[in-house]
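The sequence shown runs 0 to 308 under numbering that gives the first Met the number 0.
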Amino acid sequence: MSASTVTSHIPGINDEALARAFEPYVLESFDLQDPRWVARVAHVAGKMSRPPKPAHKGLTSDGIRNVETVGDLYRELWSDVNLADQLQSTRSLWFEWCGRGVRARAIGYKRVVHLYLAQAIEWLKPESVIEVGFGWGVNLLTLAVQLPQVRFGGIELTDSGVQTARRLAADGTTPDLLMDFALDGVHDASALNRLDLRQGSADAIPLPDKSVDMVFTVLALEQMDRIRESTLRELARVARRHVVMIEPFREWNADGPRREFIRRYDYWSAAIADLPAFGLVPVAATTALPQKLTFHAGMVIAEVAAGRR
Numbered sequence: 000m001s002a003s004t005v006t007s008h009i010p011g012i013n014d015e016a017l018a019r020a021f022e023p024y025v026l027e028s029f030d031l032q033d034p035r036w037v038a039r040v041a042h043v044a045g046k047m048s049r050p051p052k053p054a055h056k057g058l059t060s061d062g063i064r065n066v067e068t069v070g071d072l073y074r075e076l077w078s079d080v081n082l083a084d085q086l087q088s089t090r091s092l093w094f095e096w097c098g099r100g101v102r103a104r105a106i107g108y109k110r111v112v113h114l115y116l117a118q119a120i121e122w123l124k125p126e127s128v129i130e131v132g133f134g135w136g137v138n139l140l141t142l143a144v145q146l147p148q149v150r151f152g153g154i155e156l157t158d159s160g161v162q163t164a165r166r167l168a169a170d171g172t173t174p175d176l177l178m179d180f181a182l183d184g185v186h187d188a189s190a191l192n193r194l195d196l197r198q199g200s201a202d203a204i205p206l207p208d209k210s211v212d213m214v215f216t217v218l219a220l221e222q223m224d225r226i227r228e229s230t231l232r233e234l235a236r237v238a239r240r241h242v243v244m245i246e247p248f249r250e251w252n253a254d255g256p257r258r259e260f261i262r263r264y265d266y267w268s269a270a271i272a273d274l275p276a277f278g279l280v281p282v283a284a285t286t287a288l289p290q291k292l293t294f295h296a297g298m299v300i301a302e303v304a305a306g307r308r
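This is how it looks when you write it as structure tokens:
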């Protein structure tokens, strides 16, 4: 693969594949001129135009999102995750999707993420992959049973996230629960036993240099703006070949309510254009995912620069 040109095309991802992944979770669809959709967009814009509330989960009293506050927030969230409840949850979000507004079950977004990750792996053909900031493990659990030829592992900041993912990997009901969620079904349930799940911080990944072919993140770097330089160096240090990120890069949130949301809640403010300074050369970038009204995220695939391999 040449790193000379950034493409927006990820092989295996097209309108049909995206519809298969997401449309089963769509509850309502709106023309962009529909009054309900216009009102929802105006609500988000209005909220970002008003002064922020004095306190917000995950932030310090000074409005900083640091390792300690993020750890405290997610340690509680990941402490008691039930896989069946997660996959069947009716919690909904509003998305921009294919030129329309939609209200869809939130878990549907994770299925689109699964499609993107699976196709990126099929394209790049790594033998070993880790996720940094894997939360309670949904991405790794799903990928492992679908792509058992790949060695999967992960690094997670919270002890509760690591323990929950290990519990789900050892639970004999997990493969059955994932059968419909995994886009190509479960190919090897025993692959869950081979997951290497560790606790650690993204700015000090507990792995040797160039120890895995591919590293990926999914809306994890968004929490790490205060440690973004050390984190990007670590991703490039650990990866032999590629770093794949589904994150809200600055190019996609440069102005308006989205920029204000990122600024207000101290989310990821790095740009795709910043990556080469850390030894990561972008080769693909796309935002062809359902997009929240609060911020836009997309997939960036970067090669580790030749001098860093």
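Ideal placement from N, C-alpha and C gives every residue a C-beta, glycine not left out.
Next item on the list: Specify, as a first and last residue, the run of the beta strand (DSSP E) that E95 falls within.
Entry: S91 to W96
Check: By Cβ distance below 6 Å, which residues in the same chain neighbour H113 in space, the five residues on each side in sequence not counted?
Finding: T141
Item checked: Q290, DSSP secondary structure in three states -> strand
Check: Is DSSP giving V80 helix, strand or coil here?
Finding: coil
Note to self: Looking only at its chain, what residues have a beta carbon closer than 8 Å to the beta carbon of N252, apart from the 5 residues adjacent to it on each side?
What the structure shows: R258, F260, I261, F294 and H295
Next item on the list: Check whether the segment 23 to 42 touches the segment 234 to 247, taking contact to mean three or more Cβ pairs, one atom from each stretch, closer than 8 Å.
Entry: no
Check: Alpha carbon to alpha carbon, how far is A2 from P281?
Finding: Any reading at A2 must be qualified, since the residue scores a pLDDT of 45, below 50, and its modelled position is unreliable; the value itself is stated next. Distance between the alpha carbons of A2 and P281: 7 Å.
Notebook entry, point to check: Among S210, A169 and C97, which residue has its Cα nearest to the Cα of E15?
Noted result: C97
Notebook entry, point to check: Who are the near neighbours of Q118 in its chain, counting only those whose CB is closer than 6 Å to its CB and skipping five residues on each side?
Noted result: I9, G11 and I12
Margin query: By the DSSP assignment, the beta strand (DSSP E) with R197 in it spans what residues?
Written below: D195 to Q198
Next item on the list: Leaving out five residues on either side along the sequence, give the residues of the same chain with a beta carbon under 6 Å from the beta carbon of V152.
Entry: The residue you asked about is not Val; residue 152 is Gly in the sequence shown. Correct list, in chain order: I129 and D195.
Notebook entry, point to check: Thinking just about the alpha-carbon of each residue, which of R165, P275, E221 and A272 is nearest to the one in L82?
Noted result: R165
Checklist line | Run of the alpha helix (DSSP H) containing M47, from where it starts to where it stops | finding: P34 to S48
Checklist line | Sufficient close CB pairs (3 or more, under 8 Å) joining the segment 71 to 90 to the segment 122 to 136 | finding: yes
Check: If you run the structure through DSSP and keep just helix, strand and coil, what is T310?
Finding: Missing from the structure shown is residue 310; the chain here goes from 0 to 308 and no further.
Next item on the list: Along the beta strand (DSSP E) that carries I271, what are the first and last residues, could you check?
Entry: That residue, I271, is in no beta strand (DSSP E); it is neither H nor E in DSSP.
Next item on the list: Measure from the alpha carbon of Q87 to the alpha carbon of each residue in F94, R74, A105 and E75, then state which is nearest.
Entry: A105
Notebook entry, point to check: Which first and last residues belong to the alpha helix (DSSP H) in which R166 is found?
Noted result: D158 to A169
Next item on the list: Mind checking which residues open and close the alpha helix (DSSP H) that includes L241?
Entry: Note on identity: in this sequence residue 241 is His, with Leu being the wrong assignment. Unbroken run through H241 is the beta strand (DSSP E), A238 to E246; no alpha helix (DSSP H).
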